[in-house]
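Just below is one structure, and these are the notes that go with it.
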Amino acid sequence: MKLKYFSIFFSILGILILYIISKLSQIPLIELSEMPDYEGRQVILEGVVSEYRFSRQGNQFINIKKGNDTAIIFNEGETEIEQGDTIQAIGEVQKYGSDWELIVSNNNNIKILKKWHNGSVSLWQLAENPLKYLNLNVNVTGYIESISNTYFYIVDLEKNYCLVVFYKLTKNISILPGQKVNVLGKLSFDKEKFRYQLELYEEQHDIIYIKQE
14 MKLKYFSIFF
24 SILGILILYI
34 ISKLSQIPLI
44 ELSEMPDYEG
54 RQVILEGVVS
64 EYRFSRQGNQ
74 FINIKKGNDT
84 AIIFNEGETE
94 IEQGDTIQAI
104 GEVQKYGSDW
114 ELIVSNNNNI
124 KILKKWHNGS
134 VSLWQLAENP
144 LKYLNLNVNV
154 TGYIESISNT
164 YFYIVDLEKN
174 YCLVVFYKLT
184 KNISILPGQK
194 VNVLGKLSFD
204 KEKFRYQLEL
214 YEEQHDIIYI
224 KQE
């Protein structure tokens, strides 16, 4: 009888040990602000791509942000991403100068969680928190209002919110007032006119017409 209880005890103990080991071996998902606490350790970061560039050696620097926090991902390879994409990266936290960086040695350790153009935001959402989307690619839903040669306005259904959209003449844009559209562009801030605006200057920027019932 005692042998039976001993067997049960050691079985439970073994399961607990395996559980603790598995927990300790898991790579933690941390906030960007927590990077200093994990220097030299493997972690997972998530954020929105605000900028990326390449070094002469072919390495990729990816700036991400989440809320008010920012971080730099040093990718020893190259990952196809765009501004506004939400990504997840696994790497080692290191300090370079005054900046904290995540060193990623394998391209497979960077995953795109959400493409910037797959989800749209309404004008009221944009007005509520414009800094969240500032200098990022964003997909905005609205209705075409007034149209000019190089810009037009989009409004919400009740016309409580309005946003000016600038585009290049080289873009083949055919729009009519009242059309419901998704506008894929980059949100910027005009300091002279003190207003936010959407710019359609890059190849991936576009207008998608929404069929109305």
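Everything in the sequence shown is counted per the numbering used here, starting at 14 for the first residue and increasing by one.
Beta carbons: idealized from backbone N, C-alpha and C, even for Gly.
{"Check": "Beta-bridge pairing of residue 74 - partner residues as DSSP gives them", "Outcome": "66 and 87"}
{"Check": "Where the beta strand (DSSP E) through residue 217 begins and ends", "Outcome": "Where residue 217 is concerned, there is no enclosing beta strand (DSSP E), given that its DSSP letter is neither H nor E."}
{"Check": "Integer-rounded CB distance, given that residue 92 should sit under 8 Å from residue 73", "Outcome": "7 Å"}
{"Check": "Contact check, residue 200 vs residue 149, beta carbons under 8 Å", "Outcome": "yes"}
{"Check": "Residue 137 (DSSP reduced to helix, strand or coil)", "Outcome": "helix"}
{"Check": "Own chain partners of residue 44 with C-beta closer than 8 Å, once the 5 adjacent residues on each side are dropped", "Outcome": "79 and 82"}
{"Check": "Residue 174 (DSSP reduced to helix, strand or coil)", "Outcome": "coil"}
{"Check": "Three-state class that DSSP yields for residue 94 in the structure shown", "Outcome": "coil"}
{"Check": "Among 188, 140, 110 and 89, nearest to residue 153 - alpha-carbon criterion", "Outcome": "140"}
{"Check": "Helix, strand or coil at residue 201 according to DSSP, with G and I counted as helix", "Outcome": "strand"}
{"Check": "Distance between beta carbons of residue 97 and residue 137, contact taken as under 8 Å", "Outcome": "Going by Cβ atoms, the distance from residue 137 to residue 97 rounds to 19 Å, so no, they are not a contact pair."}
{"Check": "Rounded distance between the beta-carbons of residue 48 and residue 106, thought under 8 Å", "Outcome": "5 Å"}
{"Check": "Cα-Cα separation between residue 217 and residue 89, rounded to whole angstroms", "Outcome": "26 Å"}
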